[in-house]
Structures are given as C-alpha cells and as structure tokens.
Amino acid sequence: MRVVVFGAGAIGCLFAARIARVHHEVLVVAREPEVVAIRVNGVIVEGRDPMTAFLPAVDALTDGMRSDALLLTVKAPDVRAAVREIGRRIRPLPPILALQNGLGVEREIAEGLKEAEAPLPPGLLSRGVNTVPATRLGPGRVRAAGEGEVLLGTPPTPEGRASVDLFRELLGAAGIAVRAVPDIDREVWRKALLNAAINPVTADHGIPNGQLARDPWRGQAEALLREAIGVARAAGQEFDPDEIESDLWRVVRATAANRSSMLQDVDRGHRTEIDAISGELLRLGADHGLELPATRRAYDRIRAREPVLPAA
Ligand code: PAF
C-alpha cells in the first residue's frame, strides 16, 4: 500500500517509521530541514522500540501522484495549506486521517479542498484523536515514550466505515494501538478541553506539564478548564467537570516530564495550535454570549509569542 504521511513532526515521524516497518511504501512530505535529515539519516526513533526507517521524503507533492491512504500530521495552523496541496496534486483523493489537536480542523480541511477545487467524496475523511506520546528531538528524530492510542470513530456510512477500517488495519499492523469510539467528535472535544488547560499555561511559563500541579499554574489551568467546559456545554457537549478535572490531573501526572506541544512550538519560534484550541473556544463562546477572561488572556499571551508572518 502507498501511504503518504504529510507532516514530519513528532507524530508524523513516529507513525511513518512504524508503518514503513511493515512493508508499506511510505512517502513523507515535510519542510526542507526534515526532508534533508530524513534523506541523509532516515527517520530515527529513540526511546521505546528504537528503530531507523529509510524513507523517501519530499518538500512538495508532484502532479498526478497516487496514494492509497494519507495521514495528515501537520499541526492545525498548517492544515489548510497542506490540504490545498493534497487536493491539487493527489488524484483521486485517498482516504485521509486527520490527527490534529484542536477544534475546527474539519472546517479547515473543507476550505483547503475547496481552494484546490477537489471535492471530498463522502466518508473519505476520518478524524482521529492521538494520545501516543512522542517528542521531537530534531529534524527526522523523535523519542517514543509511554503508552497511548489513536481513537477512531464509528461512522454511520459504509464509505466512512471503509476508511476507518483501512486506518485501523494500517495503524494496528504497525503496532500502534487503535480504539474505535462511538462518538469521535466527543473525543476531539475531550482532548481539546485538556489541551485548553495544559498547553497555554505550560507554553506561557516555559514549564513541563508536571509543574501545573503547583500554584499559581494550577489555578490558571483550572480556570481555563472551567471556561472550556462551559463552551463545550453551550456547543452541545456536556462533560462532567469533576471527571474532566480528574482526567486533567491524570494526564498531567502521566506526562509530568513532557514539554507540551505548544511549549515546543514556542521554543522553536513556530506558530502554535492556540488558534485551533483557545481561539476556537473564544469564537464559539462569542456565538453563545459567554465571557471567557482566562481563555482570552491565555490566547493573547501565546499569540504575542508567535512569529509575525508576512501578509499573504
Ligand atoms: O499537546 C500536547 O502536548 C499533549 O496533547 C498533552 C496531552 C497536553 C501532553 O503534553
């Protein structure tokens, strides 16, 4: 099977290497430093089950490419541009698995495909929620640590089920734990709630996740979580605040030594996922007349740390 992994951050590298190990033809699409590193050294996985996978890597797709499955592993701010490129170059569109943190990813994908004038056939897009821990060590180098899984939905249509089955088999055969859940949107929300509480505080203060258990960061994370739960409720996703709070502290303990993905982005001078996390909460909150002072403050502080991009 020909698999394209679009995005060579920590998860893209880890999944590309694991999938290639089970004899699939894997192509990595990445930025130039990653492409050069992967061409020279392969994708290097350290930590749990270390390995090196020698894979082709390109910084752009070519016209008329074909692929049987595509893992979209770029961060949320890069989704639209990536999908535009995919829509223009890969015909017919392959089943796509989107593994981003945050909300509104499906909308960005739809916009990207519209810009590419490539309508998405029904059931081709699957949303996944990833909790497999991986840390980027450098271009094409990743450390795999701890337990985690990819959650996939159980779509109502035969086309949707066929896509999910394909990704379940692909990832499962590569040794990546996969679990089907009845409502993937709810799992997207659940993870977004945790990201809304953990990521901005750790990125703003430059602290590993474990420090969140101490004040003043604890108070900040709890305030963000409360506001995010309120938005979820207004948007029709009711979560038990006590249950989500205990999830939060469980994840903080389990990832105590980790630097959150947003902190890693800030450290590297990259754009972060703040817009897809706190930004989406602010947009939805405004639609429902909710005041979100903690979220607004966190959003503004992280935005101020992001690089200023030249006007498009
Ligand atoms: O974005 C991240 O870093 C992760 O989703 C999480 C769960 C916050 C752990 O660091």
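In terms of the working numbering, the sequence shown opens at residue 697 and continues consecutively.
By construction, the Cβ of each residue, glycine as well, lies at the ideal position given by its N, Cα and C atoms.
Report back the beta-carbon spacing between V927 and L980 to the nearest angstrom; my notes put them in contact at under 8 Å. Indeed, because the Cβ distance is near 5 Å, the residues count as touching under 8 Å.
Cβ contact (3+ pairs, closer than 8 Å) linking the region 781 to 791 and the region 971 to 987: No, because fewer than three Cβ pairs between the region 781 to 791 and the region 971 to 987 fall closer than 8 Å, the two stretches do not touch.
Is the number of C-beta pairs between the region 963 to 973 and the region 939 to 949 that are closer than 8 Å three or more? no
Are V722 and V699 closer than 8 Å when you measure CB to CB? yes
On the DSSP bridge list, what partners appear for G705? According to DSSP, G705 bridges with nothing at all.
Excluding sequence positions up to five away, which residues of its chain have a Cβ less than 6 Å from the Cβ of L793? L767, S822, G824, F863
Distance cut 6 Å, beta-carbon to the ligand PAF heavy atom: residue list by chain order: N797, L890, N891, I894, N895, N905, V947, T951, N954, S956, S957
Expressed to the nearest angstrom, what Euclidean distance is found between the alpha-carbon atoms of N954 and N905? 6 Å
What did DSSP end up calling M747 once you bin it into helix, strand or coil? strand
Under a three-way DSSP split, which group does L809 fall into? helix
Jot down the residue ranges of each uninterrupted alpha helix (DSSP H) in the region 885 to 955, minimum 4 residues, whole runs only, in chain order. 913 to 930, 937 to 950
Tell whether a beta-carbon distance below 8 Å holds between P912 and E855. Their beta carbons are not under 8 Å apart, which means P912 does not touch E855 by this criterion.
For a minimum of 4 consecutive residues, which ranges assigned as the alpha helix (DSSP H) are wholly contained in the region 808 to 889? 854 to 869
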